[in-house]
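Asks:
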Amino acid sequence: MNNKKLDNWEGCCQLRFNILPTNRPPTIDAGFWVQATASGEICGNDNGTGSICLSAEGLLPLGVYTAWFLTDRGLKPAAPTDAIYTADSFDPNRLVVNSDGVLNYYIAPLDFNPFRGIPLPGSKARAVIQGVVIGYHSNRMTNGIIPGEFNVNFFEQLTAEIRFSRIAAVVTTTMED
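Residue 17 is where the sequence shown starts when you use this note's numbering, and the numbers rise one by one after that.
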């Protein structure tokens, strides 16, 4: 009998965002900054793919924002690993905010299961996702695969932890002959 253990992580995790009230550009009123709210979810499929969905309001009207995975290896773009980044404000993890400060909807199909981590290039290692960050770019540039300079031109406004106790995931272990 050939024993082969298979772990399937499939399900979604609702994201509960918190505001970071002191982490703002000095030119932005603190009262306005803390009005931002967001919601979302990340999902993983047993076929090795996933997705992230976000919506928000109370953001800076027409502001340049990006979505990031907070990992044990630093911030990684909340987008597919094979996406092309040009740092020209049109990167795949950019959030389009309207003139009312509303992000109607952002969804990114992922070429990896986020509950298993983000594959690192040239390695079998993975970056473990611990949360999601929505950040504001005061220089109106998305800066490619890096957020920019923290508290200079990149400001984390909203953050959500991923708590595995909240994941409605199905973890199965099977034995095959």
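Note that beta-carbon positions come from the ideal geometry of N, C-alpha and C, so glycine has one too.
#1: List the endpoints of the continuous beta strand (DSSP E) containing THR56.
#2: With DSSP as the reference, label GLY47 as helix, strand or coil.
#3: Leaving out the 5 sequence neighbours to the left and right, which residues in its chain are closer than 8 Å to PRO37 when beta-carbon positions are compared?
#4: Using a Cβ-Cβ cut-off of 6 Å (strictly less than) and excluding sequence neighbours within five positions of ILE58, which residues of its own chain qualify?
#5: Of the residues ARG32, ASP88, VAL80, which one's Cα is nearest the Cα of HIS153?
#6: With DSSP run on the structure shown, which of helix, strand or coil describes ILE175?
#7: Can you tell which of LEU76, ALA83, ARG40 has its C-alpha closest to the C-alpha of TYR122?
#8: Return the bridge partner residues of PHE166 from the DSSP annotation.
#9: Which same chain residues end up closer than 7 Å to ASP127 when comparing Cβ atoms and leaving out the 5 residues on each side of it in sequence?
#10: For GLY90, name the three-state secondary structure that DSSP assigns.
#11: Apart from the five residues on each side of it in sequence, which residues of its chain come closer than 8 Å, Cβ to Cβ, to ARG93?
#12: Assuming contact is defined by CB atoms lying nearer than 8 Å, are LEU174 and VAL113 in contact in what I supplied?
Replies: Taking the geometry as given:
#1: The sequence position of residue 56 within the sequence shown is 40, counting from 1. Before going further, note that residue 56 is Gly rather than Thr in the sequence given. It spans 53-60 - the beta strand (DSSP E) in which GLY56 sits, taken as one unbroken run.
#2: Here residue 47 refers to the residue found at position 31 when the sequence shown is read from its first residue. The answer is helix: DSSP assigns GLY47 an H, G or I state.
#3: Walking along the sequence shown from the start, residue 37 turns up at place 21. ALA46, TRP49, VAL50, listed in sequence order.
#4: Locating residue 58 in the sequence shown gives position 42, where the first residue counts as 1. Taken in chain order, the residues that qualify are CYS29, ILE68, PRO130.
#5: Within the sequence shown, residue 153 is the residue found at index 137, counting from 1. HIS153 has its Cα closest to that of VAL80, out of ARG32, ASP88, VAL80.
#6: Counted from its first residue, the sequence shown places residue 175 at position 159. Checking the sequence, you will find Thr at residue 175 rather than Ile. Residue state, collapsed to three classes: strand.
#7: Looking up residue 122 in the sequence shown gives position 106. When only C-alpha atoms are compared, the closest one is ALA83.
#8: Taking the sequence shown and counting its residues from 1, the one referred to as residue 166 is at position 150. Paired residues: PHE170.
#9: Walking along the sequence shown from the start, residue 127 turns up at place 111. Within the same chain, ASP127 has close Cβ partners THR65, PRO96, THR97, ASP98.
#10: Locating residue 90 in the sequence shown gives position 74, counting from the first residue. In the structure shown, GLY90 sits in a strand (DSSP, three-state: E or B).
#11: The sequence position of residue 93 within the sequence shown is 77, counting from 1. A quick correction: the sequence has Pro, not Arg, at residue 93. These residues qualify, in order along the chain: THR82, ALA83, TRP84, PHE85, ALA99, TYR101, ASP107, PRO108, ASN109, ILE161.
#12: Here residue 174 corresponds to residue number 158 of the sequence shown, with the count starting at 1. Here residue 113 corresponds to residue number 97 of the sequence shown, with the count starting at 1. No, they are not a contact pair.
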